[in-house]
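Some notes on the structure that comes next.
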DNA sequence: ATCACTTACGGGTGACGTAAAAATC
DNA sequence: GATTTTTACGTCACCCGTAAGTGAT
């Protein structure tokens, strides 16, 4: 049988055309490469090169061998990739989201239930995450829609109400206890994360006269928010997670509109039921 | 990169299920195989086995790896085959025939022109050899038909006249000088090689009342012929090749029928023109 | 006790690099 | 003289087999 290093040597020579340059490229000495080529001919029992005293080139047989060798090496690399990916998929719970709220909470919950598993998170629009769930790119998604299907498990998972975040001096703070409506603050300028998923569409629609200053980075967003008197958004979920109530520089007031409440569903492929058994029990009992 | 011996080891283990039996099958010690499996896991950075203290089995990742490894080994074997076949095709002139006459003569002529080339000979019916020429299975065919085509070279190559071979006591020997006709010996019983190609059809058609005793092996045919007084066939070509005229136990009389003469054409794919240049010149000058 | 696997250890093959020679440009 | 390839030679890596150890049947 032909060892892989010989195939690599042949492919390198075919690519770089001289023994010296090919040897340099694959970090072996030039005599070593020369010997490897001889050995390959010996194993195959076939002449692969046209040799003159200080020149060596592949003959037709050699070119054929080199192209076949390249295919084998490609396949070997593919094997390594596939095996590593498969293995990592066994040790990873991959989750798709359409809004950032659950994405801040779920990974740590998962981590508590499956301490040896890695968790990967990804946010895309509703349609994309559902497709990727079916593609098995995700093991589960947190959707804003309750999708019933024979091969899917859908469990209600929490809900999230949008809040407005205001400096204490803002006049709308008067609504703190009773809450307010989008129309009450339509026209206000908001600082907002660029990655809020479906929320963006809602606030733009309900407050068409408002301006939204999008910030890509979450850290810089909170920095800007803290040093500015502009309004921004929060939710019951983020307030709880970040203990934001303890921050005296901001007052949070809930929106009362029905559109300000997002109901989430945890959706899992039936075939992943066993893998996520503990998580499913946890969500159902919530 | 993963060396081939590691893939072989993995595939063997997958096949024989225990390290000890697999090791035996591939003629290495069991500890060596154990180490190879560890090394493979190390290279891939992945666990391939479920291990208990004295039992080891492939896990799902391992099964995936084993099946991918098997494909790679298959491809490597295929490479060896293809390269060897290609090389041997470079050193072989492969010729298809539809009759045995030229097959007895051409190889030695070729050999004289191309002393370093091997010659392979094969007899099939007209249709098959033409197809195999186009398939590149043959470099050239000796056909009984003159085929004109854009990608073919067709050169008249010799002709062959059928003779009857008789014991001197046979009454038809009287025709020795003037020749005879098929109808003159219709009804005669002939000893004949089973591999005479298109000749068989001709003699059966022209001498419908004759019986033909077919002999598979050429050597035993000539033995039977020599020890029998039955008629058999020869041709100017075989008489010349075997100096059969010097054999006193047999008289050869030509058939005068036009069907008793076969005109041959040497047909070559244009793309093989260069490879067979010397042969083409030789045939043209004949 | 036997079997199956792993770990430990010493040995030998063979792939490597360095050096040198030969040939071409 | 610089470059390219091959041959020669000594070295070292590493793969192997033997032996020993551990746990399961």
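Protein chains in written order, with this note's numbering: chain A, 1249 to 1534; chain B, 1249 to 1534. Cβ coordinates follow ideal geometry from the N, Cα and C atoms, glycine included.
Asked                                                                                                               : Found
Where residue 1430 (chain A) falls, given that 16 or more other Cβ within 10 Å makes a residue buried               : buried
Close Cβ partners of residue 1415 (chain A) (< 6 Å) along its chain, the five nearest in sequence each way excluded : 1477
Alpha-carbon spacing of residue 1449 (chain A) relative to residue 1359 (chain A), whole angstroms                  : 31 Å
Same chain, Cβ closer than 7 Å to residue 1402 (chain A), five either side skipped, listed in chain order           : 1394, 1395, 1396, 1513 and 1515
Presumed contact (8 Å Cβ cut-off) between residue 1231 (chain A) and residue 1343 (chain A), rounded CB distance    : Since the first residue of chain A shown is 1249 and the last is 1534, residue 1231 (chain A) is not available in this structure.
Chain-ordered neighbours of residue 1309 (chain A) on chain B, where CB pairs are closer than 8 Å                   : 1331, 1334, 1335 and 1338
CB contact check: residue 1326 (chain B) to chain A, cutoff 9 Å                                                     : yes
Cutoff 6 Å; reference residue 1459 (chain B); Cβ partners in own chain excluding five residues on either side       : 1437
Neighbouring residues, chain A, relative to residue 1319 (chain B) (Cβ below 9 Å)                                   : 1323 and 1327
Reduced DSSP secondary structure (H/G/I, E/B, other) of residue 1463 (chain A)                                      : strand
Listed by chain order, chain B residues near residue 1442 (chain A) by CB distance under 7 Å                        : Residues of chain B passing the Cβ test: none, with the nearest at roughly 36 Å.
Buried versus exposed, by CB contacts within 10 Å (16 or more), residue 1302 (chain A)                              : exposed
CB contact below 9 Å: residue 1257 (chain B) versus chain A                                                         : no
Three-state secondary structure (DSSP) of residue 1299 (chain B)                                                    : strand
Within the stretch 1399-1465 of chain B, ranges of the alpha helix (DSSP H) (whole runs, at least 4 residues)       : 1430-1433 and 1447-1454
Rounded straight-line distance, which links the Cα of residue 1381 (chain A) to that of residue 1472 (chain A)      : 36 Å
Reduced DSSP secondary structure (H/G/I, E/B, other) of residue 1497 (chain A)                                      : coil
Any beta strand (DSSP E) of 3 or more consecutive residues that is wholly inside the stretch 1464-1492 of chain A   : 1479-1483
Bounding residues of the beta strand (DSSP E) (the contiguous stretch that carries residue 1520 (chain A))          : Note, residue 1520 (chain A): premise wrong, no beta strand (DSSP E); not H, not E.
Best match in A:1373, A:1428 and A:1452 for proximity to residue 1439 (chain A) [C-alpha to C-alpha]                : A:1452
Cβ pair count under 8 Å reaching 3, the stretch 1255-1264 of chain B against the stretch 1308-1327 of chain B       : yes
Exposure of residue 1261 (chain B), with buried meaning 16 or more beta-carbon neighbours within 10 Å               : buried
Closest Cα partner of residue 1479 (chain A) within the set A:1498, A:1493 and A:1491                               : A:1498
Closer than 8 Å at the beta carbon, the chain A residues around residue 1253 (chain B)                              : 1249 and 1251
Whole-angstrom distance between residue 1341 (chain A) and residue 1276 (chain B), CA atom to CA atom               : 40 Å
CB contact flag (residue 1441 (chain A), residue 1410 (chain A), <9 Å)                                              : no
For residue 1545 (chain A), the residue or residues it bridges with in DSSP                                         : A question about residue 1545 (chain A) goes unanswered here, because the residues of chain A that appear run from 1249 up to 1534.
Short Cβ contact (9 Å threshold) for residue 1501 (chain B) with residue 1444 (chain B)                             : no
Cα-Cα separation between residue 1446 (chain A) and residue 1369 (chain A), rounded to whole angstroms              : 17 Å
Local Cβ density within 10 Å of residue 1339 (chain B), reported as buried at 16 or more and exposed below that     : exposed
DSSP-derived helix/strand/coil call for residue 1264 (chain A)                                                      : helix
Contact list for the stretch 1413-1433 of chain A against chain B, Cβ threshold 9 Å                                 : none
Within chain A, partners of residue 1517 (chain B) - CB distance below 8 Å                                          : Going along chain A, no residue has its Cβ under 8 Å from residue 1517 (chain B), so there is no contact; the nearest lies around 17 Å.
Collapsed DSSP secondary structure at residue 1371 (chain A) in the structure displayed                             : strand
Minimum length 4: unbroken alpha helix (DSSP H) runs contained in the stretch 1307-1344 of chain A                  : 1308-1338
Local conformation of residue 1391 (chain B) per DSSP, three classes                                                : strand
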